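If you count by the numbering used here, then the sequence shown holds residues 109 to 483, one letter each, in order. All C-beta atoms, glycine included, are put in the ideal place defined by N, C-alpha and C. Since the structure is predicted, the reported quantities are computational estimates derived from the model, not experimental observations. Here is the structure we will look at.
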Amino acid sequence: MNKKISIRKVMTVAIWLLVGGGMLTLLIAAMDRQQSDTCKDYVVSIKAKPDANLFLGEKDLVKLLSAAMNGPLKGQAKSSFKLQQMEQLLRDNDWVNEAELYFDNKDVLHIEVTEREPIARVFTVSGQSFYIDRTGRQLPLSDRWTARLPVFTSYPDRKVMANKDSLLLNDVVTTAEFIANDPFWMAQVSQVDIQRLSAKSWNFMMTPLVGNHLVKLGDGKEINRKFKRLYLFYKNVLAQRGFNSYKTVDVSFAGQVIGVKGETSKVDSVQLRKNVEALLKQSRETNALMEVMPVVSPTPATLTPNAALGEESTQGVMSNPGDTVSMPRKPAAPVTTVKPTSSTTPKPVLQPKPKGNDKAPQKGATPKATMPKRN
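Next up, the structure:
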């Protein structure tokens with residue numbers, strides 16, 4: 109009886125040893141196979157806003173990872189890929205918001221990157237230019253293309269942002285998001301100049317594309333209500349009196365719109381546009397790899413779709429359908445014509461006749477030397 113129990117124990121232990129040895133052998137074989145496997149290919153996927161142009165390029169990402177691997181990605185052993193470190197390397201790029209790398213069962217490396225979305229372009233007081241996203245992060249200009257975004261000028265030129273600068277940055281982000289999400293204001297706002305009133309206060313002065321007036325917005329608080337009051341002023345007042353009837357329009361006070369009449373602020377508006385053009389010129393010199401598109405058009409722009417087709421229009425389309433703003437058409441300067449008179453009619457110039465002793469040379473005749481006569 110004891111012998112049978114001993115045999116059963118021995119057999120049980122032997123079976124478990126065989127199973128354990130087999131599993132260990134398979135595990136070692138799998139590890140050896142994984143170490144011997146190489147990257148067969150790679151696939152790059154860049155996620156961004158639909159229909160948006162990409163600031164990141166697939167070649168740039170692959171080049172960055174290849175430099176970290178000291179060679180091409182294809183053909184390298186899968187065990188040599190430090191995926192977490194490579195993901196962090198991609199996140200260190202200013203335009204990368206999130207990155208994920210993994211291999212599939214076919215030994216293909218998947219590189220998935222989410223791109224940051226800029227919402228405004230900023231010019232500092234020294235002429236430097238960059239984009240900002242919704243988190244307020246500064247994004248460098250790209251040589252791939254130039255985004256059409258709200259423009260803010262006279263931004264503080266500091267690398268380390270103080271608390272008051274962070275509040276200003278939040279106001280810029282809030283104002284830029286509102287403008288970018290409204291088609292009418294995106295077409296009407298030329299640029300927003302930041303005027304520092306004190307260390308902790310500032311004023312946004314908006315220059316429109318249509319009209320010679322300036323709009324005082326105040327800071328970024330309740331910016332949606334301020335633009336709503338400005339829209340009603342455009343619709344009910346400027347539509348009747350013309351966009352050049354006021355020098356400034358102030359919507360910085362709650363529930364009020366203050367229009368200041370007088371001479372049109374064309375000089376001020378032109379000066380602001382000259383400042384932006386000067387900043388653009390400095391930006392071209394600073395960013396030699398990028399061709400900067402002009403932000404401000406030197407001629408007044410219309411806000412109708414027909415203008416894009418080359419048709420002349422005198423109405424600015426509002427956000428709501430059916431609301432239009434009548435734009436004054438400037439009278440054409442009279443064309444004066446000058447009738448020709450006897451004093452202005454050119455007279456023919458008489459050519460002197462040759463003297464009698466001047467003879468035309470004959471064909472084939474040899475010219476003779478003439479000796480001077482002695483006195």
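Sequence-distant residues of the same chain with beta carbon closer than 6 Å to residue i, five excluded per side
{"i": "V365", "result": "R337, F341 and V359"}
{"i": "A255", "result": "P226"}
{"i": "L164", "result": "I154, W203 and E223"}
{"i": "V280", "result": "F260"}
{"i": "G367", "result": "Y354 and V357"}
{"i": "R333", "result": "none"}
Range of the contiguous beta strand (DSSP E) that encloses residue i
{"i": "L209", "result": "V204 to F211"}
{"i": "V151", "result": "D149 to K155"}
{"i": "S237", "result": "S237 to D241"}
{"i": "V365", "result": "Segment: none, V365 is in no beta strand (DSSP E) and carries neither H nor E."}
{"i": "K182", "result": "Unbroken run through K182: none, as it is neither H nor E."}
{"i": "F351", "result": "Premise fails: F351 is in no beta strand (DSSP E) and is neither H nor E."}
{"i": "S262", "result": "V259 to Y263"}
Inter-residue CB distance, residue i and residue j (contact presumed, cutoff 8 Å)
{"i": "D262", "j": "L249", "result": "The sequence as given places Ser at residue 262; Asp does not occur at that position. Not confirmed; about 18 Å, so no contact."}
{"i": "A277", "j": "G235", "result": "According to the sequence as given, residue 277 is Leu; it is not Ala. Between G235 and L277 the Cβ distance is about 19 Å, and since that is not below 8 Å, they are no contact."}
{"i": "V216", "j": "V151", "result": "6 Å"}
{"i": "T146", "j": "A176", "result": "About 17 Å; that fails the 8 Å criterion."}
{"i": "A228", "j": "L191", "result": "Rounded, the Cβ-Cβ distance is 35 Å, inconsistent with contact."}
{"i": "V297", "j": "P316", "result": "7 Å"}
Length of the line joining the Cα atoms of residue i and residue j
{"i": "Q246", "j": "K329", "result": "22 Å"}
{"i": "V221", "j": "K167", "result": "13 Å"}
{"i": "Q193", "j": "M131", "result": "32 Å"}
{"i": "D241", "j": "K182", "result": "34 Å"}
{"i": "R224", "j": "F351", "result": "38 Å"}
{"i": "V204", "j": "L198", "result": "7 Å"}
{"i": "I123", "j": "S114", "result": "14 Å"}
{"i": "D273", "j": "F260", "result": "14 Å"}
{"i": "A307", "j": "F231", "result": "19 Å"}
{"i": "K355", "j": "A288", "result": "26 Å"}
{"i": "E490", "j": "V233", "result": "An answer regarding residue 490 cannot be provided, because it is not within the stretch 109 to 483 covered by the chain."}
{"i": "Q196", "j": "L172", "result": "12 Å"}
{"i": "D159", "j": "K369", "result": "43 Å"}
{"i": "L275", "j": "L325", "result": "16 Å"}
{"i": "G129", "j": "G179", "result": "39 Å"}
{"i": "A416", "j": "W253", "result": "Residue confidence for A416 is low, a pLDDT of 33 falling below 50, so the modelled location carries little weight; the figure read from the coordinates is stated next. Near 21 Å, if we compare the C-alpha coordinates of W253 and A416."}
{"i": "S188", "j": "S309", "result": "54 Å"}
{"i": "L209", "j": "M314", "result": "45 Å"}
{"i": "Q348", "j": "A295", "result": "21 Å"}
{"i": "V170", "j": "Y239", "result": "24 Å"}
{"i": "V121", "j": "I136", "result": "22 Å"}
{"i": "F361", "j": "S174", "result": "56 Å"}
{"i": "Q303", "j": "N320", "result": "19 Å"}
Cross-strand partners of residue i (DSSP beta bridge)
{"i": "G326", "result": "F312"}
{"i": "L145", "result": "It should be noted that the sequence gives Asp, not Leu, for residue 145. Answer is none; D145 lacks a bridge partner."}
{"i": "T222", "result": "K155 and E206"}
{"i": "I302", "result": "F312"}
{"i": "F286", "result": "Partner(s): none; F286 has no beta bridge."}
{"i": "T356", "result": "L322 and V368"}
{"i": "R256", "result": "Paired residue(s): none; R256 is not in a bridge."}
Spatial neighbours of residue i in its chain, beta-carbon cut-off 7 Å, leaving aside the 5 residues before and after
{"i": "D212", "result": "H218"}
{"i": "F335", "result": "F286 and W293"}
{"i": "R266", "result": "D273"}
{"i": "T283", "result": "V300, F312, G328 and I331"}
{"i": "L305", "result": "N311"}
Segment limits, alpha helix (DSSP H) that includes residue i
{"i": "R337", "result": "I331 to F341"}
{"i": "F292", "result": "P291 to Q296"}
{"i": "R199", "result": "L191 to R199"}
{"i": "K171", "result": "E166 to M177"}
8 Å Cβ shell around residue i - same chain, five flanking residues per side excluded
{"i": "L162", "result": "I154, A156, E223 and R252"}
{"i": "K148", "result": "K182, K214, D215 and V216"}
Check: residue i C-beta below 7 Å from any heavy atom of the ligand MN
{"i": "D265", "result": "Questions concerning the ligand MN fall outside what the structure shown contains, since it holds no ligand whatsoever."}
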